[in-house]
Amino acid sequence: MAEATSHEILSFSHEGRVFPPPPEFQKKAHIRSLEEYRALYAEAANDPDAFWGARAREELYWKTPFHTVLDWKPPHAQWFLGGTTNLCYNALDRHLPKYAEKTAILFEGEPGDVRKITYRQLHADVCRLANGLKSLGVKKGDRVGIYLPMVPEAAVAMLACARIGAVHSVVFGGFSSEAVRERMNDAGAKVLLTADGGWRKGGVVPLKANVDAALPHMPSVEKVVVLQRTKNPIQLGPKDVAWEKLVEAQSPTCEPEWVDSEHPLFILYTSGSTGKPKGVLHTTAGYAVYVSLTTRWVFDLKDDDVYWCTADVGWVTGHSYVVYGPLMNHATSFLYEGAPTTPGPDRFWDNIERHKVTILYTAPTAIRAFMRTGDEHPKKHDMRSLRLLGTVGEPINPEAWMWYRDVIGGGRCPIVDTWWQTETGGILVSPLPGATPTKPGSATLPLPGIFLKVLGKDGKEVPPGQGGKLFLAKPWPALLRTVYGDPERYVKTYFSEVPGLYFTGDGARIDADGYLWVMGRVDDVVNVAGHRLGTAEVESALVSEGRVAEAAVVGRPDELKGTALVAFVTLKKGVESSAELKAQLSAHVIKEIGAIARPDEIRFADALPKTRSGKIMRRLLRDVAAGVRTTGDTTTLEDLNVLAKLRGDEE
Ligand code: PRX
370 MAEATSHEIL
380 SFSHEGRVFP
390 PPPEFQKKAH
400 IRSLEEYRAL
410 YAEAANDPDA
420 FWGARAREEL
430 YWKTPFHTVL
440 DWKPPHAQWF
450 LGGTTNLCYN
460 ALDRHLPKYA
470 EKTAILFEGE
480 PGDVRKITYR
490 QLHADVCRLA
500 NGLKSLGVKK
510 GDRVGIYLPM
520 VPEAAVAMLA
530 CARIGAVHSV
540 VFGGFSSEAV
550 RERMNDAGAK
560 VLLTADGGWR
570 KGGVVPLKAN
580 VDAALPHMPS
590 VEKVVVLQRT
600 KNPIQLGPKD
610 VAWEKLVEAQ
620 SPTCEPEWVD
630 SEHPLFILYT
640 SGSTGKPKGV
650 LHTTAGYAVY
660 VSLTTRWVFD
670 LKDDDVYWCT
680 ADVGWVTGHS
690 YVVYGPLMNH
700 ATSFLYEGAP
710 TTPGPDRFWD
720 NIERHKVTIL
730 YTAPTAIRAF
740 MRTGDEHPKK
750 HDMRSLRLLG
760 TVGEPINPEA
770 WMWYRDVIGG
780 GRCPIVDTWW
790 QTETGGILVS
800 PLPGATPTKP
810 GSATLPLPGI
820 FLKVLGKDGK
830 EVPPGQGGKL
840 FLAKPWPALL
850 RTVYGDPERY
860 VKTYFSEVPG
870 LYFTGDGARI
880 DADGYLWVMG
890 RVDDVVNVAG
900 HRLGTAEVES
910 ALVSEGRVAE
920 AAVVGRPDEL
930 KGTALVAFVT
940 LKKGVESSAE
950 LKAQLSAHVI
960 KEIGAIARPD
970 EIRFADALPK
980 TRSGKIMRRL
990 LRDVAAGVRT
1000 TGDTTTLEDL
1010 NVLAKLRGDE
1020 E
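In structure tokens, the structure reads:
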């Protein structure tokens, strides 16, 4: 389709290129025009209770209807009070009369094994595991850890927990044994579900071995349920139970536990600017309503779609838009276990061609990596089944956006650049494919019920086009409820920058058309290849090695990963710097956190630049890491030589 110029889209001030929604989306999408979007937005603004109340009744089956839509005592929100429901029932049972034989999960393993799981079968698998968990003593409110590869059983595990009112906490399979230990202990998990391994890049990820190493240090974990995925030889210890044995004798039906709207659904750990990762807590009904609705609005799901979100279930995108959102919309969700480059750089495109994927939702980092490996790989494949493309996790540069549109989408698929966070539960800002003209690099407009504010240093709203900190002015149903076990941290992290407003941690600007341009984190969180990391976490991993006196980790812009990690390290007295030590420090970070936290560069320094009050001057280090000459005020530096030495090292 031809690129539109600004005067073709009336009222658009034109910042860069603008692409109107394709005509077939304007005809058939769930929301078909900008006017329809604006009307919904106004409805949500004028009477939020009526708006969300109506949506909640439409989206979910309620065992008991709610009597109050929202109880908002800033910064604490409670939604749909008085109601009882069950998310698993809404994702499975509800669809059985009409969609029992429809494929719910279409799975392909890295070795090429394919499974089609219908709604009927998924329901039975979930019920068996739910009964199995109960037989292990798991009760409503108990926490259950999930450390699995991207296989259907990961979704089965989440749904089984939701069915019996247990609270799941999924740990990404790429995280280390230490990371599992830390998270399971914080959550107080009673049971942990894992596998003998998962396939990645032709090898086996040793999940069970990682659990074994952590098990003696996880006192709350009573049982470990082990799935056989790879046939990697493992031994079952006294706390281990084979998954297959646990479920084989169980009944394929299990009465769902009807829980209050605010019953905890899951805890998902995510990095913050200080300390250890925090357990973001989401509850049942608000999350379910919001995720169900936004999946349909943003991805415009239709009955015959084959929808593929490439995120791992270990991240919030996997929770909301691989498992819960698509299943609540009786969609076919495609799951792929392995690496995008195995056996060759065209695996994704091959998957799309063979399974006739219609919707693809992936991360800018992946798109940039594919761009770099060359157009010949996607061009070998017939991807005409694709009708919509999405991105998430980090800002997408306009060049990658255009490549995605032209080379992957054949110029015909709208792109939805979705901005949101672990804490927001679901997508907050995104184009609606039948309504919103898109601009490459902008997440465009807030969804109905979402109210953005960009505030300057003085705490006042900035004029259009000017950058500032991004806040949300009103609660929405999928807002996190607390930080598990640390309610003060919830208030401090999200609601103390400006009382009553939710602080996102992102910098952004809103243009004259009301379009959001996210500029990245303004706190000490870095987004490396779409993965969120706290610089403090990596620093404490480095220091815990034993030979490091002090570490400061900063982000440096990176063409491929968005941000690369640079660690400035001072060594304890008597420790010699060497290339070998750098490698050992890297290996230690991988052991403590996982490969995603491996520093891209480690630089030894005699001292770190500090203010007179002893604070590390990260701004300076960021400039040094990026190779930029520091122009800012450095008069508070304790020792200007420190900066000179770091620079000298670089030049
Ligand atoms: O900085 C923003 C960036 O990712 C952060 C949230 O990370 P996480 O909680 O891991 O969730 C990622 C998946 C929802 C945000 O604070 N981010 C996410 N989506 C976008 C984005 N930045 C720009 N554009 C996006 N579409």
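Residue numbers 370 to 1020, in my numbering, belong to the letters of the sequence shown in order. Glycine is no exception: its CB is placed at the ideal position from the N, C-alpha and C atoms.
- With a threshold of 16 other beta carbon atoms within 10 Å, GLU427 falls short and is exposed.
- According to DSSP, ASN896 shares a beta bridge with ARG901.
- With fewer than 16 other CB atoms across the displayed protein chains lying within 10 angstroms of its CB, PRO443 is exposed.
- Three or more beta-carbon pairs drawn from the region 814-822 and the region 882-893 are found closer than 8 Å, and the two stretches are therefore classed as touching.
- Between the region 727-736 and the region 913-932, the count of Cβ pairs shorter than 8 Å is three or higher; the stretches touch.
- Set against 7 Å, the gap from the CB of VAL887 to the closest heavy atom of the ligand PRX is smaller.
- Counting every other CB atom within 10 Å of its CB across the protein chains shown gives HIS436 a total below 16, marking it as exposed.
- With a cutoff of 8 Å on beta-carbon distance, GLY924 and SER640 are scored as not near each other.
- By the Cβ-count criterion, GLY713 is exposed, with fewer than 16 other Cβ atoms from all chains shown falling within 10 Å of its own Cβ.
- HIS492 sits away from ARG665, with the two beta carbons spaced by 8 Å or more.
- Secondary structure at ASP669: coil, using DSSP grouped into helix, strand and coil.
- Classified as exposed, TYR430 has fewer than 16 neighbouring CB atoms from the shown chains inside 10 Å of its CB.
- Counting the other CB atoms within 10 Å of its CB gives GLY869 a total below 16, which places it among the exposed residues.
- Here the C-alpha atom of VAL520 lies approximately 6 Å from the C-alpha atom of GLU706.
- Taking GLU522 as reference, the option from LYS592, ASP418, VAL682 and ARG386 with the minimal CA-CA separation is VAL682.
- In this structure, the ligand PRX has no non-hydrogen atom nearer than 7 Å to the beta-carbon of ASN766.
- Under the three-pair Cβ rule at 8 Å, the region 764-779 does not count as touching the region 791-798.
- A contact is defined here as three or more CB-CB pairs under 8 Å, and the region 503-514 meets this definition with respect to the region 532-543.
- Two segments are said to touch when three or more pairs of C-beta atoms, one from each, lie closer than 8 Å; by this definition the region 478-485 does not touch the region 665-675.
- Taken from the Cβ of GLY687, every heavy atom of the ligand PRX lies 7 Å or farther away.
- When DSSP assignments are scanned along the region 465-549, the uninterrupted stretches of alpha helix (DSSP H) that are 4 or more residues long and fall wholly within it turn out to be 465-468, 488-504 and 521-533.
- Put simply, the backbone Cα of VAL660 is about 18 Å away from that of ASP462.
- About 6 Å separates the Cβ atoms of ASP715 and HIS750, confirming a contact at the 8 Å cut-off.
- Within 7 Å of the C-beta of GLU763 there is at least one heavy atom belonging to the ligand PRX.
- According to DSSP, residue pairing for LEU758 in a beta bridge involves LEU729 and ILE784.
- In the structure shown, the three-state DSSP call for LYS861 is helix.
- Residue range 917-927 is occupied by the beta strand (DSSP E) that includes PRO926, with no alpha helix (DSSP H) assigned at that position.
- Buried is the label assigned to LYS838, since at least 16 other Cβ atoms lie within 10 Å of its Cβ.
- According to the DSSP assignment, GLY836 belongs to the beta strand (DSSP E) that extends over 836-841.
- Counting along the chain, ILE959 sits inside the alpha helix (DSSP H) bounded by residues 948-961.
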